[in-house]
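J.:
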């Protein structure tokens, strides 16, 4: 019996712009997701870590004897054992190295000191509690401004007096690097001749992505095959495989990294953490699979912090409010190791997007990074490499300037926007913006909000002593890292791969080097391929996260999936279409030049009704090929983007302030995003809701704080505050569409715009509410007490 | 995180529970709702050698009025109060507090009596019990005693319960139609401990003067405090804005909070004042008295 | 110690330590839809129903204490069809990474049983013991509203729509 071509007419092409429901939901809503901790392997042991109670201390000894007496405990390893395997220290993503387990001293509170392996998770925990460590506390460096004091203790004795670092010279033992961009002299001159100059210091506090699923890993070294399988909560499984191979010496073909379903990542799950290394070493040593799953405390205190930028800005402008120059100095607190997840060439990430949406003729930015006794990190928390800090800086500063000029902040922005005709726009700090229509987007937001009416209401309220404020943020992001000429991590160029295999019956499997954590790739990748190939979206399955099957790619973070992997998906599909066209010509019995792709099928030019569908072509690719053609219909495409993309948006926030307690209530928040072409509006809106909520959290709640001894004060969810449904405002969303001219489908990416753009809108609104009391700036998180201080300072009280 | 190991007992009578508490003394803890105890055990901040789980004890989940008192048995969950229509409509203070203890899911398991016994200085029920002039019923091997809440609350995490005893009931006076109250709490988010909170309950006489009043504040000292001087200022008086302001200031005077991430000493003291003021205004408003 | 837990209608005999958290016991029984996200009873991703309609954070309860109380986990929500709350979370894009979803749905089911027509404010109030890091809650609220509507229709009416 010959196989016949089934279902030739596609029923459900659901390409770009369709709000189709998500394919991945089906397993999650019935509790059948497969997260790291859901995986249990035969004979698997559990690992627990011993942590330092001190931020800075010498270790005089570690005694594991009591731990080894705990029933079920099988082994304890320390740095000494790791050194035997050459794994006492491992390279970070930023050109530094870090201890896996404390080597002679600890450099931050909660640092990993020993790993305990046991038959059960209970025994592992009991064993960890029984390990005795003899610490000799040392003076801790907590304030980054004091890190480079002449008498500051040397934190990193491993590189003491080694004054050449991965990113240039170091000027102090606790200094890591200095990075600058732009013309200092020209900027200074422009500032000197500016009619108006404003300066502001502001801190973007240390925070943590805190996905609800903590990080975890199962190392599974098979003695029989010599293959290491690593299950890991990783946003970048391919890069991890390469790093593991380089670090362990195991050939890369013998390492398989599987990143199962991820319960949120937000940048937290990009780096390699000591716990991962220990679980893998444990498996190699013990010959059984070893699982390690973080506690929430471990998550918040040891893995991937974000931000911690201490910024000083000066802006020059004319009296009419036209900006002339910007100068920025930033001190970056990197903690004990420089483990920032930034592209190699950009130790401060893409912070130089700090000129934002405005036409600054001159700009200069300088960043100094220092070591302190805090956990390492500097991950891009729902952020494209320090864009969040940059956007907050410029958007907050524009309000400071507006305040100085006594000008409406919307008017000031409109006066300085890069104009549509200026694109592609070369910024003073070296970027080429792709597209945007900033004024249009802002006007959509202001109209939706009813800006003029609210300003009137504000004036009336102020006259009665009531406090309300309106805050604007018209941010521009820079995402989609990135073009290989500039972008790599550890030398790995930041392209991404897509593999598309069209089956004989007109279905397809699509694989990508990205790894979603809730962004909906299983749906949106299928939509792109459906659009490009004219296949039913329901017949396209998407797979990510297994390095044995997926094409190489640098992973999902920094809003790079749609700009990079999305491009690979579209261009891969188009490459398949080229071959399909040849097959179509064969089926239609015409020359290839006479065939055109229109309305999602191949037709003979000028002959209405004579056409074949992609399903028919797919069937023919396996059953009825032109003479001499290679069978099959599949491809792997690696996309190296020509430029980054520049999503942007206009956010406007209205707040009311309680004069008695200082409580700020967000009354309204309008977010108009321009992320270029929209693949799935439902998913885009969902991404915006979630990102705005994290921006809200940054503005008002989240902070990883330390006391003077370096104790982490935010080590669990009772102290590191994530907003609930009750605190979270209601979001009003909308969009304008200015496609990216260089992206294959015009998409720019959206997942991080709201986290990047919203914090300034919230803070601007609070400052606006208090501006007449002389307030020009408040640092995040804007707590009730900070507002209360302003109110009582101005003699305002109420109960 | 995994709690340390412990011996587990599940008594089937109060007598048996009390005997176990007597037998194991300070090594034993009672497990009721466990919503404070279990997290503390997971962090190994608490490592009791013995847990006496009272959840299977019969006849301790009662919530009934008797002899002018609302009797709240030791196994009454916070939600039993929160979802109780009659209590919600007549016990204004208790209605308020029942909606802000911990978070809505924790309240399904947490118990009123357990919270009072835990006596966290930031707990919500202690200040409530102070304002409402509640009593605690404590059972020991020698029998039962009833204690005024002011005597029950001794210090931070410390009550008058002795070794070999357990609290079996909290009693709140039944309010009449001229009684109202309010609970005003500032928390950084749902589920956070209070930054500061104030409980107020008052009864108006026919002539509009304040016949009886209770004011409690929490999270502003090592234990919940009664604002006795504030009560004194208002008792027997017709409430005015100035009197309320003065009474509220008494709360700030006695508050001696620890500074922490929730706020400085100054802020918390001021919040004690603001919240007592607001609680009084709200309670009076509920009786139709506009201030 | 030997205990028997009734989970989703099935008796499961298990050998646990007294300190075994209910969440671990459920997961060790192979029902991994119940997740764990913190140690402080804050996040609610471990929420299950006791006795049919009482949501509890199963990481803040010992397995031994759950004996005699039937437990419903996310795996027990659907019959031959999805439970209306599951359908609604899917329809309204009420989930992204899916990690909070089981607990969030079970808390929602408990709310709807108690209050079949909750307002948006009541929904936000009732779900404030469950954290979500992805959705900003807005679509979760919509999902609960959709489920409320579906559950309030007389049996069979939904199919006629």
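Chains as they are written, first to last, in our numbering: chain E, 111 to 909; chain A, 18 to 308; chain B, 274 to 434.
All C-beta atoms in this analysis are idealised placements derived from N, C-alpha and C, irrespective of residue type, glycine included.
So with CB distances below 7 Å, who are the chain B contacts of residue 22 of chain A?
T.: Here residue 22 of chain A corresponds to residue number 5 of the second chain, with the count starting at 1. Here the neighbours are 290, 292.
J.: Spell out whether any CB of chain A is found under 9 Å from the CB atom of residue 909 of chain E.
T.: Locating residue 909 of chain E in the first chain gives position 799, where the first residue counts as 1. Chain A contact via Cβ: present.
J.: Expressed to the nearest angstrom, what Euclidean distance is found between the alpha-carbon atoms of residue 37 of chain A and residue 485 of chain E?
T.: In the second chain, residue 37 of chain A corresponds to position 20, counting from 1. In the first chain, residue 485 of chain E corresponds to position 375, counting from 1. If I take the Cα positions, the gap works out to 45 Å.
J.: Using DSSP's beta-bridge definition, name the partner residues of residue 201 of chain E.
T.: Here residue 201 of chain E corresponds to residue number 91 of the first chain, with the count starting at 1. Answer by DSSP bridge pairing, in chain order: E:207.
J.: Roughly how many whole angstroms lie between the Cα atoms of residue 129 of chain E and residue 366 of chain E?
T.: On the first chain, position 19 is the one that residue 129 of chain E refers to. On the first chain, position 256 is the one that residue 366 of chain E refers to. Those two C-alpha atoms are separated by around 35 Å.
J.: Give the interface partners of residue 52 of chain A over in chain B, defined as CB-CB distance under 7 Å, in chain order.
T.: Within the second chain, the letter at position 35 stands for residue 52 of chain A. Per Cβ cutoff of 7 Å: 314, 333.
J.: Give a yes or no on whether the minimum CB-CB distance between residue 344 of chain B and chain A is below 9 Å.
T.: Within the third chain, residue 344 of chain B is the residue found at index 71, counting from 1. It does not: the Cβ of residue 344 of chain B has no partner Cβ on chain A nearer than 9 Å.
J.: Alpha carbons only, please: which of E:744, E:728, E:640, E:696 is nearest the one belonging to residue 714 of chain E?
T.: Within the first chain, numbered from 1, the residue matching residue 714 of chain E stands at position 604. Of E:744, E:728, E:640, E:696, the residue nearest in Cα terms is E:696.
J.: Going by Cα to Cα distance, which pick from B:316, B:315, B:320 is closest to residue 295 of chain B?
T.: Taking the third chain and counting its residues from 1, one reaches residue 295 of chain B at position 22. It is B:320 whose Cα lies nearest to the Cα of residue 295 of chain B.
J.: Roughly how many whole angstroms lie between the Cα atoms of residue 292 of chain A and residue 144 of chain A?
T.: Residue 292 of chain A sits at position 275 when you count from the first residue of the second chain. Residue 144 of chain A sits at position 127 when you count from the first residue of the second chain. When rounded, the distance between both Cα atoms is 13 Å.
J.: Could you please give the first and the last residue of the uninterrupted alpha helix (DSSP H) stretch that includes residue 169 of chain A?
T.: The residue labelled residue 169 of chain A in the question sits at position 152 within the second chain. Unbroken alpha helix (DSSP H) run through residue 169 of chain A: 166 to 169.
J.: Buried or exposed: which applies to residue 85 of chain A, given that a residue is buried once 16 or more other Cβ atoms fall within 10 Å of its Cβ?
T.: Taking the second chain and counting its residues from 1, the one referred to as residue 85 of chain A is at position 68. So residue 85 of chain A counts as exposed.
J.: Rounded to a whole number of angstroms, what is the C-alpha to C-alpha distance between residue 191 of chain A and residue 107 of chain A?
T.: The residue you call residue 191 of chain A lines up with position 174 of the second chain. The residue you call residue 107 of chain A lines up with position 90 of the second chain. Each residue's alpha carbon lies about 9 Å from the other.
J.: Any chance you could list the beta strand (DSSP E) runs of at least 3 consecutive residues sitting entirely within the region 577 to 628 of chain E, in chain order?
T.: Listed in chain order, they are 577 to 586, 606 to 612, 618 to 622.
J.: Check distances from the C-beta atoms of the region 891 to 909 of chain E to those of chain A and list, in chain order, the residues that come in under 9 Å.
T.: Residues passing the 9 Å Cβ filter: 893, 894, 895, 898, 899, 902, 907, 908, 909.
J.: Have a look at residue 283 of chain A and residue 269 of chain A and give me their C-alpha separation to the nearest angstrom.
T.: The sequence position of residue 283 of chain A within the second chain is 266, counting from 1. The sequence position of residue 269 of chain A within the second chain is 252, counting from 1. Looking at the two C-alpha atoms, the distance is approximately 9 Å.
J.: Counting along the chain, where does the alpha helix (DSSP H) carrying residue 10 of chain A start and finish?
T.: In the structure as shown, chain A starts at 18 and stops at 308, and residue 10 of chain A therefore has no counterpart that could be examined.
J.: Quick one: is residue 327 of chain B near chain A, going by C-beta distance under 9 Å?
T.: The residue you call residue 327 of chain B lines up with position 54 of the third chain. Yes - at least one Cβ of chain A is within 9 Å of the one on residue 327 of chain B.
J.: Considering just the uninterrupted stretch of the beta strand (DSSP E) at residue 88 of chain A, what are its terminal residues?
T.: Locating residue 88 of chain A in the second chain gives position 71, where the first residue counts as 1. First-last of the beta strand (DSSP E) with residue 88 of chain A: 86 to 90.
J.: Could you please tell me which residues of the region 830 to 859 of chain E, in chain order, have their CB closer than 7 Å to any CB of chain B?
T.: Cβ contacts with chain B come from 832, 834, 835, 836, 838, 840, 841.
J.: Residues of the region 395 to 423 of chain E with a CB closer than 9 Å to any CB of chain A: list them in chain order, please.
T.: Listed by position along the chain: 405, 406, 407.
J.: Under a three-way DSSP split, which group does residue 376 of chain E fall into?
T.: Here residue 376 of chain E refers to the residue found at position 266 when the first chain is read from its first residue. Coil, per DSSP.
J.: Against residue 209 of chain A, what residues of chain E qualify as contacts under a CB-to-CB distance less than 8 Å, listed in chain order?
T.: As a first step, residue 209 of chain A must be located in the second chain, where it is residue number 192. Here the neighbours are 828, 831.
J.: In three-state terms, what does DSSP make of residue 234 of chain E?
T.: Against the first chain, residue 234 of chain E aligns to sequence position 124. Helix, per DSSP.
J.: Shorter than 9 Å from the beta carbon of residue 338 of chain B to some beta carbon of chain A?
T.: Mapped onto the third chain, residue 338 of chain B falls at position 65. By this cut-off, residue 338 of chain B is an interface position.
J.: Check the C-beta distance from residue 175 of chain E over to residue 211 of chain E and give it rounded, since I have them as a contact under 8 Å.
T.: As a first step, residue 175 of chain E is located in the first chain; it is residue number 65 there, counting from the start. As a first step, residue 211 of chain E is located in the first chain; it is residue number 101 there, counting from the start. Residue 175 of chain E to residue 211 of chain E, Cβ: 18 Å. No contact.
J.: Can you find the residues in the same chain that come closer than 6 Å, C-beta to C-beta, to residue 225 of chain A, ignoring five residues on each side of it along the sequence?
T.: Taking the first residue of the second chain as position 1, residue 225 of chain A is located at position 208. For residue 225 of chain A, where only same-chain residues beyond five positions count, the Cβ hits under 6 Å are 255.
J.: Hey, does residue 431 of chain B have any beta-carbon neighbour from chain A nearer than 9 Å?
T.: Stepping through the third chain from its first residue, residue 431 of chain B is reached at position 158. Here the model assigns residue 431 of chain B a pLDDT of 48, short of 50, so the residue's position is not dependable, and the following value carries that caveat. Not an interface residue.
J.: What residues match up with residue 758 of chain E in a beta bridge as DSSP calls it?
T.: Reading the first chain from its first residue, position 648 is the one you call residue 758 of chain E. For residue 758 of chain E, which the question treats as bridged, DSSP gives the partners E:586, E:784.
J.: Listing by chain order, which chain A residues have their CB less than 9 Å from the CB of residue 398 of chain B?
T.: By 1-based counting over the third chain, the position of residue 398 of chain B is 125. By Cβ distance, chain A contributes 116, 121, 207.
J.: Report yes if the C-beta of residue 782 of chain E is less than 8 Å from at least one heavy atom of the ligand FMN; otherwise report no.
T.: By its list of ligands, the structure shown contains no ligand whatsoever, and the ligand FMN lies outside what it can speak to.
J.: Helix, strand or coil, according to DSSP, for residue 372 of chain B in the structure here?
T.: Position 99 of the third chain, counted from the first residue, corresponds to residue 372 of chain B. Residue 372 of chain B falls in the coil class under three-state DSSP.
J.: Is the beta carbon of residue 295 of chain A less than 9 Å from the beta carbon of residue 199 of chain A?
T.: Along the second chain, one-based indexing puts residue 295 of chain A at 278. Along the second chain, one-based indexing puts residue 199 of chain A at 182. Yes.
J.: Does DSSP classify residue 431 of chain B as helix, strand or coil?
T.: Counting from one through the third chain, the residue named residue 431 of chain B turns up at place 158. Its pLDDT being 48, under 50, residue 431 of chain B is placed unreliably by the model, and the measurement read from it follows with that caveat. Residue 431 of chain B falls in the helix class under three-state DSSP.
J.: Taking only beta carbons into account, state which residues of the region 365 to 379 of chain E come closer than 9 Å to chain B, listed in chain order.
T.: Listed by position along the chain: 371, 372, 373, 374, 375, 376.
J.: According to DSSP, simplified to helix, strand and coil, what is residue 709 of chain E?
T.: In the first chain, the residue the question calls residue 709 of chain E occupies position 599. The answer is coil: DSSP assigns residue 709 of chain E none of H, G, I, E or B.
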